[in-house]
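Here's the structure we're looking at; comments come further down.
2 protein chains.
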Amino acid sequence: MLKKNNIKKLYLYAKTIKDKQTVIVNGWIKANRHNSTIGFIELNDGTTIKNVQLVYKSTDIFFNELSKLLIGSFLNVEGIFKRTEGKQQPFEIIIKKIVDFRSCDNDYPLQKQKHNFEFLRDIAHIRGRSNTFGAINRVRNCLAMAMHFFLQKHNFLWIHTPIITSNDAEGAGEKFKVTVNNKNFFDCDAFLTVSGQLHAESLALSFGNVYTFGPTFRAEKSHTTTHASEFWMLEPEMAFSDLKDIMKIIERLIKFCIKYVLKECKNEIDFFNNFIDNNLIEKLNNVLNNKFACVTYTKVIEILKDNAFKANFENKNIFWGMDLQTEHERFITEKIFKKPVFVVNYPKEIKAFYMRLNRDNKTVAACDLLVPEVGELVGGSQREDRYDVLKKAIEHFSDYRKLEWYLDLRKYGCCTHSGFGIGFDRFLMYITGMKNIRDVQIFPRVHGHIQY
Amino acid sequence: MLKKNNIKKLYLYAKTIKDKQTVIVNGWIKANRHNSTIGFIELNDGTTIKNVQLVYKSTDIFFNELSKLLIGSFLNVEGIFKRTEGKQQPFEIIIKKIVDFRSCDNDYPLQKQKHNFEFLRDIAHIRGRSNTFGAINRVRNCLAMAMHFFLQKHNFLWIHTPIITSNDAEGAGEKFKVTVNNKNFFDCDAFLTVSGQLHAESLALSFGNVYTFGPTFRAEKSHTTTHASEFWMLEPEMAFSDLKDIMKIIERLIKFCIKYVLKECKNEIDFFNNFIDNNLIEKLNNVLNNKFACVTYTKVIEILKDNAFKANFENKNIFWGMDLQTEHERFITEKIFKKPVFVVNYPKEIKAFYMRLNRDNKTVAACDLLVPEVGELVGGSQREDRYDVLKKAIEHFSDYRKLEWYLDLRKYGCCTHSGFGIGFDRFLMYITGMKNIRDVQIFPRVHGHIQY
Chain R
3 MLKKNNIKKL YLYAKTIKDK QTVIVNGWIK ANRHNSTIGF IELNDGTTIK NVQLVYKSTD
63 IFFNELSKLL IGSFLNVEGI FKRTEGKQQP FEIIIKKIVD FRSCDNDYPL QKQKHNFEFL
123 RDIAHIRGRS NTFGAINRVR NCLAMAMHFF LQKHNFLWIH TPIITSNDAE GAGEKFKVTV
183 NNKNFFDCDA FLTVSGQLHA ESLALSFGNV YTFGPTFRAE KSHTTTHASE FWMLEPEMAF
243 SDLKDIMKII ERLIKFCIKY VLKECKNEID FFNNFIDNNL IEKLNNVLNN KFACVTYTKV
303 IEILKDNAFK ANFENKNIFW GMDLQTEHER FITEKIFKKP VFVVNYPKEI KAFYMRLNRD
363 NKTVAACDLL VPEVGELVGG SQREDRYDVL KKAIEHFSDY RKLEWYLDLR KYGCCTHSGF
423 GIGFDRFLMY ITGMKNIRDV QIFPRVHGHI QY
Chain Z
3 MLKKNNIKKL YLYAKTIKDK QTVIVNGWIK ANRHNSTIGF IELNDGTTIK NVQLVYKSTD
63 IFFNELSKLL IGSFLNVEGI FKRTEGKQQP FEIIIKKIVD FRSCDNDYPL QKQKHNFEFL
123 RDIAHIRGRS NTFGAINRVR NCLAMAMHFF LQKHNFLWIH TPIITSNDAE GAGEKFKVTV
183 NNKNFFDCDA FLTVSGQLHA ESLALSFGNV YTFGPTFRAE KSHTTTHASE FWMLEPEMAF
243 SDLKDIMKII ERLIKFCIKY VLKECKNEID FFNNFIDNNL IEKLNNVLNN KFACVTYTKV
303 IEILKDNAFK ANFENKNIFW GMDLQTEHER FITEKIFKKP VFVVNYPKEI KAFYMRLNRD
363 NKTVAACDLL VPEVGELVGG SQREDRYDVL KKAIEHFSDY RKLEWYLDLR KYGCCTHSGF
423 GIGFDRFLMY ITGMKNIRDV QIFPRVHGHI QY
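Chains R and Z are the protein sequences, given in the same order.
Those letters in the first sequence? Residues 3 to 454, per our numbering, in order.
Those letters in the second sequence? Residues 3 to 454, per our numbering, in order.
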């Protein structure tokens with residue numbers, strides 16, 4: 003007897019299961035229809051997008067009980083495996099015994115009709131059972147593990163940088179303050195981290211390759227489809243590596259993850275391609291099959307100037323030193339290169355203090371990876387490893403003293419090192435074609451909203 | 003030529019490397035001694051506890067430069083691989099070319115002598131390069147991945163439960179409050195999570211097996227060796243599973259992780275056994291080689307009463323309904339069972355509201371795993387799955403309304419489900435023999451202290 007088989011495995015090993023073998027399944031009812039002689043239940047346990055079909059008959063003593071079970075009810079049955087070649091599903095299970103069940107109230111919000119994503123956001127505690135959120139969370143798990151596998155294979159150590167911190171890596175963006183009874187709990191103001199990078203550098207300068215992968219926070223009040231107050235970020239940091247080295251790793255990491263998800267979550271990606279974005283698989287294959295391009299910021303500005311009229315940008319004021327807007331980034335990757343492209347060597351004024359100053363004294367060794375439909379997916383840089391140059395960049399900061407330990411790292415055998423960050427939830431959106439970050443996080447936190 | 007070989011790999015593949023082959027190594031100088039004709043450098047790159055020995059000679063044009071490099075300096079050299087059978091190290095590298103180097107200031111705090119852990123805590127940004135913290139962080143990575151591997155193999159999905167939350171799973175322990183400019187950012191008070199369990203239950207009731215693995219927080223002012231304000235916790239949650247099922251999984255998970263670390267981090271565990279706890283490997287093997295015992299709380303109270311005089315507890319007032327202290331837990335696992343032991347069915351008054359009430363109406367279906375030298379390592383329970391019973395348990399809470407979604411889960415096809423939590427840093431302490439949580443977290447956060 004197969005005990006507590008999950009439905010994913012049942013499909014995976016269907017060919018090796020003998021006809022009439024007894025199997026046990028658990029799950030929640032997605033559909034239950036019957037006439038006076040026979041009934042059919044679609045059962046799903048969240049391990050796969052596919053339901054398993056259960057069959058019961060009017061001659062069964064439990065016919066009445068089963069026929070009354072509403073959508074959303076829990077059911078645990080023992081049954082006979084029966085191959086059904088030629089039918090829509092490859093097998094069905096003839097129920098022999100009800101091991102356990104739990105009925106569902108009739109105000110269950112996930113009835114059979116299609117629901118829009120706004121409605122589902124309001125029932126975040128239930129929406130894991132919907133097809134879309136089921137698929138999202140399986141891909142989320144798969145993508146997170148793909149990142150781990152790739153980095154572990156390349157001798158990166160997973161480190162846990164602190165969430166509560168007294169400094170702010172970017173110097174930008176509102177921060178959440180952390181207190182107890184409105185008082186400081188530590189010896190100074192404490193905030194939720196916006197990036198683990200500075201701490202990760204300390205460890206890269208001890209271990210070579212490291213990565214931090216955990217939650218980060220932004221207290222921005224923007225209500226866009228790509229911003230959340232809390233999201234996971236992957237931040238690898240590599241000693242002995244320059245900008246070119248990390249660009250190689252970024253390209254290999256992105257391609258590895260996409261390939262891995264396409265293989266391990268084929269059903270889910272097919273689902274997203276069918277119901278969310280018909281262009282999805284083509285888009286992902288385009289990433290896989292092309293070598294990423296590379297262009298300097300200065301060249302990008304030239305291209306944008308040349309095309310400003312034709313492209314009809316909202317922001318037409320193109321000049322060297324400007325911050326690129328998403329419309330500009332998308333134009334470059336979608337219309338000019340038609341594939342992912344690294345933009346390198348940004349003006350130092352629009353990038354963070356820790357990026358390494360180039361010889362021109364005007365630009366820093368930074369790279370942003372732009373991808374079609376999204377714009378920036380990855381941001382990285384070589385880190386300023388020269389004590390004097392870094393000191394000059396930070397000594398006017400008001401919280402300069404809090405960065406002394408960071409400056410210290412440049413005194414004790416510092417070396418060329420570089421790192422990058424990938425917003426995990428945004429990468430998940432990219433891979434699934436989902437358009438709103440609130441629809442890929444199961445309990446999203448955005449300004450003014452913390453229902454669950 | 004072997005490019006950018008890390009030192010761990012160099013040792014791993016030493017037997018396949020040909021004599022006189024050119025290799026390139028990066029790392030930091032641990033020792034540099036020389037006489038007038040020859041010099042020796044011990045180089046380490048953080049990938050292994052072992053240094054590689056570099057040799058340079060007075061006939062080399064870079065002899066003077068190299069001989070002046072202090073401990074802590076960064077060095078990147080090309081050299082000739084030379085087998086040295088019979089010597090302490092299996093090979094050495096004869097330096098042919100200095101590719102890059104960066105000297106270290108002479109106030110480098112990690113000189114050759116032994117440092118105590120308190121001193122090292124004050125140089126947290128540097129201590130990753132010490133032998134102990136090098137080993138800790140490699141075991142940390144290994145243990146975290148062992149957990150992932152075990153759970154992924156058993157079809158658990160890694161989910162990301164929110165860090166910012168409006169409710170408090172345990173109802174116990176001070177919480178950190180999250181604000182922006184001292185005002186609420188969300189629609190109600192917001193706190194840092196003490197546990198992802200309640201949210202994980204929502205997903206277990208959609209996907210079957212899930213786990214959350216991320217940071218959790220306690221704003222307790224206790225300055226003990228086992229408490230930190232921020233620590234990682236692993237919390238698996240399983241639908242279709244009762245207390246007995248999770249006890250089986252806990253035992254298998256603990257044993258798998260220990261076995262995995264013993265195999266993958268052999269050098270590190272040997273180091274801890276030699277320098278931190280001479281009993282470590284014996285202790286870990288004792289866990290591996292014994293089936294965990296199981297005893298009820300009621301029986302534990304009987305045993306403690308019978309032994310109160312002999313054991314000379316600090317807390318001698320033993321009665322049914324009391325919370326077990328660490329001294330009691332350690333007595334049970336060390337003196338009575340001499341191996342890990344599950345204590346089950348605790349009085350409902352001393353356990354959390356979400357644990358399933360047993361038929362006796364006095365105890366709940368909870369299990370704590372006690373292990374020698376530590377006491378409680380894992381806490382788990384079957385969850386209350388009956389709407390009316392749970393409602394009665396929470397309706398007097400002041401923040402009852404915030405738990406309505408949690409109660410809701412019992413209306414819509416709820417089922418038997420159970421889960422448990424393992425403090426990751428405490429498990430890491432157990433596996434390494436380290437005695438203070440501040441010495442296993444690279445940047446620990448404790449009351450009044452947030453230097454880095």
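All C-beta atoms, glycine included, are put in the ideal place defined by N, C-alpha and C.
Predicted model, so just to flag it, every value in this text is computed and none were measured.
CB contact check: residue i to chain R, cutoff 8 Å
i                 : result
ARG131 of chain Z : yes
VAL442 of chain Z : no
ARG428 of chain Z : no
MET3 of chain Z   : Here MET3 of chain Z scores only 43 on pLDDT, less than 50, and its place in the model should not be relied on; the value that follows carries that caveat. So no, MET3 of chain Z is outside the interface.
GLU67 of chain Z  : no
HIS229 of chain Z : no
ARG447 of chain Z : yes
SER400 of chain Z : no
THR18 of chain Z  : no
PRO458 of chain Z : Outside the displayed span of chain Z (3 to 454) sits residue 458 of chain Z, for which this structure offers no information.
THR134 of chain Z : no
ASP107 of chain Z : yes
LEU194 of chain Z : yes
PRO92 of chain Z  : no
Residue i (DSSP reduced to helix, strand or coil)
i                 : result
MET324 of chain Z : coil
ASP427 of chain Z : helix
PHE103 of chain R : strand
ARG85 of chain Z  : strand
ASN269 of chain R : helix
GLN154 of chain R : helix
ASN360 of chain R : coil
MET240 of chain R : strand
LYS7 of chain Z   : For clarity, residue 7 of chain Z is Asn in the given sequence; the question names Lys instead. Three-state DSSP puts ASN7 of chain Z in a strand.
TYR110 of chain Z : coil
HIS162 of chain Z : coil
GLU284 of chain Z : helix
VAL391 of chain R : helix
LYS456 of chain Z : Residue 456 of chain Z lies beyond the range of chain Z shown here (3 to 454); nothing can be said about it.
Short CB-CB distance (under 8 Å) between residue i and chain Z
i                 : result
CYS267 of chain R : no
ASN78 of chain R  : yes
GLN199 of chain R : no
CYS259 of chain R : no
SER224 of chain R : no
PHE178 of chain R : yes
THR181 of chain R : yes
LYS32 of chain R  : no
SER204 of chain R : yes
PRO164 of chain R : yes
ASP189 of chain R : yes
ILE128 of chain R : yes
Rounded distance between the beta-carbons of residue j and residue i, thought under 8 Å
i                 : j                 : result
GLY75 of chain Z  : SER38 of chain Z  : Reading off the sequence, residue 75 of chain Z comes out as Ser, not Gly. With a Cβ gap of about 21 Å, SER75 of chain Z and SER38 of chain Z do not count as contacting.
TYR389 of chain Z : ARG412 of chain Z : 4 Å
ILE439 of chain R : THR218 of chain R : About 13 Å; that fails the 8 Å criterion.
SER204 of chain R : HIS127 of chain Z : 5 Å
One or two residues paired with residue i in a DSSP bridge
i                 : result
GLY382 of chain R : R:CYS369, R:PHE422
PRO2 of chain Z   : Not covered by the structure: residue 2 of chain Z. The range shown for chain Z is 3 to 454.
THR167 of chain Z : Z:PHE193
PRO342 of chain Z : PRO342 of chain Z is not bridged to any residue.
GLU44 of chain Z  : Z:ALA33, Z:GLN55
ASN211 of chain R : R:MET240
VAL448 of chain Z : Z:HIS451
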